[in-house]
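Student: Next up is a structure, given as structure tokens.
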Amino acid sequence: MDKSKQQDEHGPEADWILTIDNGTQSVRALIFDLKGQLIAKSQIKLIPYESPQSGWCEQSGDYYWQNVCDACQALWLQGIDKRRIKGVSVTTQRGTMLPLDSQGEPLHPAILWLDQRKAEPLPRLGGIWDPLFKLMGLSETIANFRSRAQPNWLYIEKRELWNKTYKFAFLSGFFHHKLTGEWADSIGSQVGYLPFDYKKHRWAPKWDWKWRALNVRPDQLLPLVKPGDKIGEVTQLASEQTGIPQGLTVIAAAADKACEVLGSGGQSADVGCLSFGTTATINVTMKRYTEAVRFLPAYPSAITGAFCSEVMLYRGFWMVSWFKEQFAHIEQTKAEEAGVEAEALFDELVNNVPPGSMGLMLQPYWGPGVKQPGPEAKGAVIGFGDLHTRAHLYRAILEGLAFGLKEGLEAIEKKSGCKVKELRVSGGGAQSDAAMQIAADIFGLPTVRAHTIETSGLGAAIDAAVGLGLYPNFETAIQAMVHEGERFEPDREHYVMYQRLYREIYLNIYKKLQPFYSKIRDITGYPE
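Residues 843 to 1370 (this note's numbering) are what the sequence shown spells out, left to right.
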């Protein structure tokens, strides 16, 4: 980017924020101005994970860091005036954990949120906890939580390594240490298998059952700071590796989903935030703790002291990639010839099919859940006829995802008493006009695309802007930095039809098929 152009367009005194956004598929170094406009971007696609055994998903911590360094160095090649950058913040994929030694070096590859390995066998919790959870019908949920926890697997399978672990850190905490040398992470990044108190936004008290459930000592946990608080300053070594100016202030942000919500403008309980990402989510930001599904926590918001009441569809818009690999060879060939992504051609498929996909209905449980849906869950497609094509299946995927997220929103509204009046949508899938219109029609609500695809990076920039005092509070920063993109209004006729499909068919699919899913699991052993 030409320096003079930067000066002309944004004024010589304009301040900028650098954000690092490390997702599952790529890492991005982004620069935003204080109006929320993306000034520059560098993106490096990642190998999402290695699978040394079936179901394992892990990646080298050094690989992540090297790509962060490379993304930053590529940014400077665009002619960026580093003097205008006032601070940096980090947002990362949730739940990806590393065991670190006392120098902050990984002792084992990062175990991703997608990982399916299980820690077994695990002892009973002891005390009142086992009979209490059995009485509450939570035994399987707690057992799943314990078996999925990365520290438990390391304790059982790699005890010597566990003994050497100085800190268990999510990816954000690892990057914070690499950048500043400080041992600290954001409250907003604590989503995963550590003993965190989601109501109080602190580590769990010593009597909490999570300490019995997880093989973690208090001294192995990072000190936590609020979103917008200072983590530290960029060290000389980090500056040499990344090109980020030495001494630049690093401000705590939050996990990528929380930052997406913030960057989409979801700061109040009357705005529902859809994330059309690898994992699809519906989030509503609230000032009080509200569990949309009982015993599944509301996660920390990127806004200090607030909560994100969330329901997720684990495989979400991953299903678009699944469809592309399995059924979209024609579009892939056309896309290669045109030099575009295959997904850009999928709206053509959708628009050739009427709303309701001519009776084809899809339940999007392509990955099992923890509680709702349960661990036995499978996906389902019903209503096939001889007129249906792959185009109908693709539209049914988008409709099924929207139905699943609508069910999540209704659970949030029921538990919280709030009423959502508008949807804000982010994530890669939000670039599809067809997906946006389907969401508007199924929810029956105005549905607004974020003004930038980089909503998680923007949310992190808002945290930094507030933390640096460039804005006095989150409300002012959001007003200045978040803007509406395209707006999609619901079609009344389509909404009425979708309501019948949702109420009379979709909501009954899981209830009717759940016993069969359990029997399939018993017979085939899948999912375990």
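Beta carbons are placed, not taken as given, at the ideal position from N, Cα and C, and that holds for glycine.
Computed from a prediction, not measured in an experiment: that's the story for all the values here.
Please list the segments of the alpha helix (DSSP H) lying wholly inside the segment 908-970, counting only runs of 4 or more residues, in order along the chain.
Tutor: none
Student: Under the rule that 16 or more other beta-carbon atoms within 10 Å means buried, what is residue 978, buried or exposed?
Tutor: Start at 1 with the first residue of the sequence shown, and residue 978 comes out as number 136. So residue 978 ends up on the exposed side.
Student: Does the Cβ of residue 1182 have 16 or more other Cβ atoms within 10 Å, making it buried, or fewer, making it exposed?
Tutor: Sequence index remark: in the sequence shown, residue 1182 carries index 340 (1-based). Residue 1182 is exposed by the Cβ-count criterion.
Student: Determine the burial state of residue 1340: buried for a count of at least 16 other Cβ atoms within 10 Å of its Cβ, exposed for fewer.
Tutor: For the purposes of this step, residue 1340 is identified with residue 498 of the sequence shown, where counting begins at 1. With a threshold of 16 other beta carbon atoms within 10 Å, residue 1340 meets it and is buried.
Student: Three-state secondary structure (DSSP) at residue 1368?
Tutor: Translated into the one-based positions of the sequence shown, residue 1368 becomes position 526. In the structure shown, residue 1368 sits in coil (DSSP, three-state: anything other than H, G, I, E or B).
Student: Ignoring anything shorter than 3 residues or poking outside the segment 1052-1082, list the beta strand (DSSP E) runs there in chain order.
Tutor: Counting only runs of at least 3 residues, the segment 1052-1082 fully encloses the following beta strand (DSSP E) elements, listed from N- to C-terminal order: 1072-1075.
Student: With which residues is residue 1275 paired in a DSSP beta bridge?
Tutor: Against the sequence shown, residue 1275 aligns to sequence position 433. None, per the DSSP bridge assignment.
Student: Give the DSSP bridge partners of residue 1011, in chain order.
Tutor: As a position in the sequence shown, residue 1011 is number 169, starting the count at 1. Its beta-bridge partners are 940.
Student: Considering only residues of the same chain and omitting the five flanking positions on each side of residue 1057, which have a CB-CB separation below 6 Å?
Tutor: Locating residue 1057 in the sequence shown gives position 215, where the first residue counts as 1. Excluding residues within five positions, the ones whose Cβ falls inside 6 Å are 993, 994, 997.
Student: Please name the residue in 1104, 918, 877, 959 whose C-alpha comes closest to that of residue 894.
Tutor: Numbered from its first residue, the sequence shown carries residue 894 at position 52. Distance from the Cα of residue 894 is smallest, within the candidate group 1104, 918, 877, 959, for 959.
Student: Under DSSP, the beta strand (DSSP E) around residue 1204 begins and ends at which residues?
Tutor: In the sequence shown, the residue the question calls residue 1204 occupies position 362. Run containing residue 1204: 1203-1205, per the beta strand (DSSP E) assignment.
Student: I'd like to know whether the C-beta atoms of residue 1128 and residue 1151 end up nearer to each other than 8 Å.
Tutor: Counting from 1 along the sequence shown, the entry for residue 1128 is found at position 286. Counting from 1 along the sequence shown, the entry for residue 1151 is found at position 309. The answer is yes: Cβ separation under 8 Å.
Student: Could you check what DSSP says for residue 1126 in three-state terms: helix, strand or coil?
Tutor: As a first step, residue 1126 must be located in the sequence shown, where it is residue number 284. Residue 1126: strand per DSSP, three-state reduction.
Student: Can you give me the Cβ contacts of residue 1274 inside the same chain, cut-off strictly under 6 Å, excluding the 5 residues immediately before and after it?
Tutor: On the sequence shown, position 432 is the one that residue 1274 refers to. Spatial neighbours of residue 1274 in its own chain (CB-CB distance under 6 Å, excluding positions within 5 residues in sequence) are listed in chain order as 1189.
Student: Less than 8 Å between the beta carbons of residue 927 and residue 1187, yes or no?
Tutor: Position 85 of the sequence shown, counting from 1, holds the residue named residue 927. Position 345 of the sequence shown, counting from 1, holds the residue named residue 1187. Contact flag unset, no.
Student: Taking the straight line between their C-alpha atoms, what separation do you get for residue 847 and residue 878?
Tutor: To locate residue 847, count along the sequence shown from 1; it is residue 5. To locate residue 878, count along the sequence shown from 1; it is residue 36. Low confidence applies here, because residue 847 scores a pLDDT of 40, under 50, leaving its location unreliable; read the following figure in that light. Between residue 847 and residue 878, the C-alpha separation is close to 18 Å.
Student: Mapping DSSP to helix, strand and coil, what is residue 1309?
Tutor: The residue given as residue 1309 occupies position 467 in the sequence shown. Helix.
Student: In this structure, what does DSSP give as the bridge partners for residue 880?
Tutor: To locate residue 880, count along the sequence shown from 1; it is residue 38. According to DSSP, residue 880 bridges with 874.
Student: Count the other CB atoms within 10 Å of the CB of residue 844; is the residue buried (16 or more) or exposed (fewer)?
Tutor: Position 2 of the sequence shown, counted from the first residue, corresponds to residue 844. No answer about residue 844 holds up, because its pLDDT of 43 lies below 50 and its placement is not dependable.
Student: Starting from the Cα of residue 1062, find the closest Cα among 1260, 1283, 1158, 1006 and give me that residue.
Tutor: Counting from one through the sequence shown, the residue named residue 1062 turns up at place 220. Minimum Cα distance to residue 1062 is reached at 1006.
Student: Would you list the residues sitting across from residue 795 in a DSSP beta bridge?
Tutor: The question about residue 795 has no answer, for the chain in this structure spans 843 to 1370.
Student: Specify, as a first and last residue, the run of the alpha helix (DSSP H) that residue 1346 falls within.
Tutor: Taking the first residue of the sequence shown as position 1, residue 1346 is located at position 504. Careful: residue 1346 lies outside any alpha helix (DSSP H) and carries neither H nor E.
Student: Do residue 937 and residue 918 have their C-beta atoms within less than 8 Å of each other?
Tutor: In the sequence shown, residue 937 corresponds to position 95, counting from 1. In the sequence shown, residue 918 corresponds to position 76, counting from 1. Not closer than 8 Å, so no.
Student: Under the assumption that residue 1027 contacts residue 1302 (Cβ atoms under 8 Å), give the Cβ distance between them as a whole number of angstroms.
Tutor: What you label residue 1027 is simply residue 185 of the sequence shown in a count that begins at 1. What you label residue 1302 is simply residue 460 of the sequence shown in a count that begins at 1. Not confirmed; about 14 Å, so no contact.
Student: Nearest-angstrom Cα distance between residue 1055 and residue 988?
Tutor: Within the sequence shown, numbered from 1, the residue matching residue 1055 stands at position 213. Within the sequence shown, numbered from 1, the residue matching residue 988 stands at position 146. For residue 1055 and residue 988, the distance between alpha carbons rounds to 6 Å.
Student: For residue 1189, which three-state DSSP category applies?
Tutor: The sequence position of residue 1189 within the sequence shown is 347, counting from 1. Helix, per DSSP.
Student: Considering Cα atoms alone, identify which of 930, 1014, 952, 1149 is closest to residue 899.
Tutor: Taking the first residue of the sequence shown as position 1, residue 899 is located at position 57. It is 952 whose Cα lies nearest to the Cα of residue 899.
Student: Report the three-state DSSP secondary structure of residue 843 (helix, strand or coil).
Tutor: Along the sequence shown, read from residue 1 onward, the residue named residue 843 stands at position 1. The predicted position of residue 843 is uncertain, since its pLDDT is 43 and thus under 50; a value taken from the coordinates is nonetheless stated next. Looking at residue 843 - three-state DSSP - the assignment turns out to be coil, as it is neither helix nor strand.
Student: Which residue comes first and which comes last in the beta strand (DSSP E) that contains residue 1329?
Tutor: What you label residue 1329 is simply residue 487 of the sequence shown in a count that begins at 1. Residue 1329 -> beta strand (DSSP E) spans 1326-1330.
Student: For the alpha helix (DSSP H) that residue 1179 lies in, which residues bound it at each end?
Tutor: Numbered from 1 along the sequence shown, position 337 holds the residue referred to as residue 1179. First-last of the alpha helix (DSSP H) with residue 1179: 1171-1180.
Student: Measure the beta-carbon distance from residue 1162 to residue 1271 and round it to whole angstroms, keeping in mind my assumption that it falls under 8 Å.
Tutor: For the purposes of this step, residue 1162 is identified with residue 320 of the sequence shown, where counting begins at 1. For the purposes of this step, residue 1271 is identified with residue 429 of the sequence shown, where counting begins at 1. Residue 1162 to residue 1271, Cβ: 6 Å. Contact.
Student: To the nearest angstrom, report how far apart residue 1122 and residue 1280 are at their CA atoms.
Tutor: The residue you call residue 1122 lines up with position 280 of the sequence shown. The residue you call residue 1280 lines up with position 438 of the sequence shown. When rounded, the distance between both Cα atoms is 15 Å.
Student: Touching or not, the segment 1205-1219 and the segment 1156-1174, by the rule of three or more beta carbon pairs under 8 Å?
Tutor: yes
Student: What is the residue span of the alpha helix (DSSP H) that residue 986 lies within?
Tutor: Here the question's residue 986 lines up with position 144 in the sequence shown. Counting along the chain, residue 986 sits inside the alpha helix (DSSP H) bounded by residues 981-990.
Student: Just to check my reading of the structure: residue 1050 and residue 933 have Cβ atoms closer than 8 Å, yes? What is that Cβ distance to the nearest angstrom?
Tutor: Taking the sequence shown and counting its residues from 1, one reaches residue 1050 at position 208. Taking the sequence shown and counting its residues from 1, one reaches residue 933 at position 91. Not quite, the Cβ-Cβ distance comes to about 27 Å (not below 8 Å), so this is no contact.
Student: For the structure I just gave you, are there three or more beta carbon pairs, one from the segment 1253-1273 and one from the segment 1289-1297, closer than 8 Å?
Tutor: A contact is defined here as three or more CB-CB pairs under 8 Å, and the segment 1253-1273 meets this definition with respect to the segment 1289-1297.
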